[in-house]
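Residue 1 is where the sequence shown starts when you use full-length UniProt numbering, and the numbers rise one by one after that. C-beta atoms are modelled at their ideal positions from N, C-alpha and C, and glycine is treated no differently. Data block below; observations after.
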Amino acid sequence: MDKLKVVFMGTPDFAVPSLKALVESGKFDVPLVITQPDKPAGRGKRLTPPAVKKFALEKGIPVIQPEKIKENRELFEILKEISPDFIVVAAYGKILPVELLNIPLIAPVNVHASLLPKYRGASPIQSAILNGEKETGVTIMRVRERLDSGEIYIQEKTEISDEDTAETLHDRLSVMGGKLLVEALPRIASGELKPIPQNESEATYCGQIKKEDGLIDWSEPAKAIFNKIRAFTPWPSAFTYFNGKLLKIMKAKPVGSGSCDATGKVVSVDDEGFTVSTGDGFLKILKVKPEGRKEMEACDFIRGYRVKEGDILGGKE
């Protein structure tokens with residue numbers, strides 16, 4: 001049987017395991033990869049290629065990086081000439097026009113990091129942790145013009161543990177997505193996997209996360225702040241202020257219930273870390289990153305910054 005021809009569209013680290021799985025399975029011909037243009041990154045703002053471009057070039061796959069997709073006649077002609085069975089999309093980063101979605105002979109297919117129709121949008125991994133979900137997963141779906149609204153082919157679940165951060169969950173889901181994709185495409189091509197419409201009444205949405213979203217509100221319950229710290233690791237990090245300086249909270253755990261006279265107050269200090277009062281319960285801080293410094297254990301921060309009972313975390317003042 002001829003190999004299925006797949007054009008791949010993806011950009012960040014999340015997309016790499018899907019492309020890797022396609023290439024290494026030996027079942028598919030991947031004649032082209034489309035990814036976003038190189039972007040300035042790091043302190044020096046040097047132009048940096050997307051993770052998908054690096055991987056594709058290592059494997060000798062041609063890469064194109066269009067500035068725009070909409071009404072890009074040249075791109076559409078290239079794709080029509082290739083005449084792929086599938087266009088596979090994984091975290092490409094732009095809404096795709098109908099004209100492009102109509103090009104593949106079988107279907108345009110997307111790898112999405114949630115159990116759709118929950119968490120359509122840009123931050124499904126962070127949002128699942130932030131909202132205290134106990135499970136999430138990956139969905140292989142048909143791409144439609146409206147964001148993450150297409151029919152579902154297949155899904156796979158994974159538990160979210162208290163040890164998970166957005167980083168660990170991202171890495172797990174990206175690998176799951178690649179495996180599920182390679183399993184799904186031949187079954188879609190044969191007609192075995194049928195597209196099932198999403199239940200619109202159950203759809204939820206999540207937007208882009210901004211740096212300022214990381215600010216901790218100590219009047220929230222300890223569990224909600226704990227979820228925020230995990231959801232925003234590694235980026236943008238949950239943060240507060242200590243003696244007027246920004247302090248990123250890298251690791252913490254809820255301890256005990258109840259409350260005290262003020263939120264954001266250091267109520268105890270020991271060899272492991274320091275405990276802070278919240279709107280409901282207490283949070284023990286285990287790892288921090290002070291402004292302009294490397295990440296450190298809370299016990300080292302306590303010694304270096306003389307943290308004591310009664311100190312208040314919060315406002316810049």
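### Cβ shell of K248 (< 6 Å), same chain only, five flanking positions each side left out
Counted from its first residue, the sequence shown places residue 248 at position 248. The residues are S237, F239, K289.
### Residue closest to G137, alpha-carbon to alpha-carbon, out of R144, A128, V143
Your numbering for residue 137 matches position 137 in the sequence shown. The shortest Cα separation from G137 among R144, A128, V143 belongs to A128.
### Query
For K27, which option in R187, K253, V266, K245 has the closest C-alpha, if you only look at C-alpha atoms?
For this step, residue 27 is matched to residue 27 along the sequence shown. Looking at the Cα atoms, R187 is the closest of the given residues.
### Message
The alpha helix (DSSP H) that contains K287, what's its start and end?
### Response
By 1-based counting over the sequence shown, the position of residue 287 is 287. Element bounds for K287: not the alpha helix (DSSP H) but the beta strand (DSSP E), 282 to 290.
### Delimiting residues of the beta strand (DSSP E) encompassing L4
The residue labelled residue 4 in the question sits at position 4 within the sequence shown. Where L4 is concerned, the enclosing beta strand (DSSP E) stretches over 4 to 10.
### Query
Three-state secondary structure (DSSP) at P236?
For the purposes of this step, residue 236 is identified with residue 236 of the sequence shown, where counting begins at 1. P236 falls in the coil class under three-state DSSP.
### Task
Throw me the rounded Cβ distance for the T48 and A41 pair, which I believe falls under 8 Å.
For the purposes of this step, residue 48 is identified with residue 48 of the sequence shown, where counting begins at 1. For the purposes of this step, residue 41 is identified with residue 41 of the sequence shown, where counting begins at 1. Contact holds; Cβ gap of about 4 Å.
### Query
Looking at the unbroken alpha helix (DSSP H) that takes in R303, where does it start and where does it end?
Here residue 303 refers to the residue found at position 303 when the sequence shown is read from its first residue. Its alpha helix (DSSP H) spans residues 298 to 305.
### Task
Could you check which residue in I82, S114, A90 has the C-alpha nearest to that of I103?
Against the sequence shown, residue 103 aligns to sequence position 103. Closest by alpha carbon: I82.
### Message
Please classify P62 as buried or exposed, where buried requires at least 16 other C-beta atoms within 10 Å of its C-beta.
### Response
On the sequence shown, residue 62 is found 62 positions in, with the first residue counted as 1. By the C-beta density criterion, P62 is exposed, having fewer than 16 other C-beta atoms within 10 angstroms.
### Query
Are there 16 or more other CB atoms within 10 angstroms of the CB of residue 352, so buried, or fewer, so exposed?
Since the first residue shown for the chain is 1 and the last is 317, residue 352 is missing from the structure and cannot be characterised.
### Task
List the whole-angstrom C-beta distance separating L181 from V52, where the pair is believed to meet the contact cut-off of C-beta under 8 Å.
Numbered from its first residue, the sequence shown carries residue 181 at position 181. Numbered from its first residue, the sequence shown carries residue 52 at position 52. That pair is no contact at about 14 Å.
### Simplified DSSP state of N227, which is helix, strand or coil
Counted from its first residue, the sequence shown places residue 227 at position 227. In this structure, N227 counts as helix in the three-state DSSP scheme.
### Task
Run through the stretch 153 to 193 for me and flag every whole alpha helix (DSSP H) of 4 or more residues, listed as ranges in chain order.
Correct list: 166 to 189.
### Task
Answer yes or no: do S268 and W218 have a C-beta to C-beta separation smaller than 9 Å?
Position 268 of the sequence shown, counting from 1, holds the residue named residue 268. Position 218 of the sequence shown, counting from 1, holds the residue named residue 218. Between S268 and W218, the gap from beta carbon to beta carbon reaches 9 Å or more.
### Task
Report, in whole angstroms, the separation of the C-beta atoms of G10 and A90, which I expect to be a contact under 8 Å.
Here residue 10 refers to the residue found at position 10 of the sequence shown. Here residue 90 refers to the residue found at position 90 of the sequence shown. Indeed, because the Cβ distance is near 4 Å, the residues count as touching under 8 Å.
### Message
Using CA atoms only, rank isn't needed, just tell me which of K253, A262, N243, V307 is closest to L286.
### Response
Locating residue 286 in the sequence shown gives position 286, counting from the first residue. The option with the nearest alpha carbon to L286 is K253.
#### Entry: Of the residues G310, E151, N227, the one placed nearest residue 336, counting alpha carbons only
Outside the shown range of the chain, which is 1 to 317, sits residue 336, and nothing can be said about it.
### Task
Look at the alpha carbon of E151 and the alpha carbon of I302, and state the distance between them as a whole number of angstroms.
The residue labelled residue 151 in the question sits at position 151 within the sequence shown. The residue labelled residue 302 in the question sits at position 302 within the sequence shown. Roughly 52 Å separates the two Cα atoms.
### Query
Which stretch, first to last residue, makes up the beta strand (DSSP E) that contains A107?
Looking up residue 107 in the sequence shown gives position 107. Element bounds for A107: 107 to 112.
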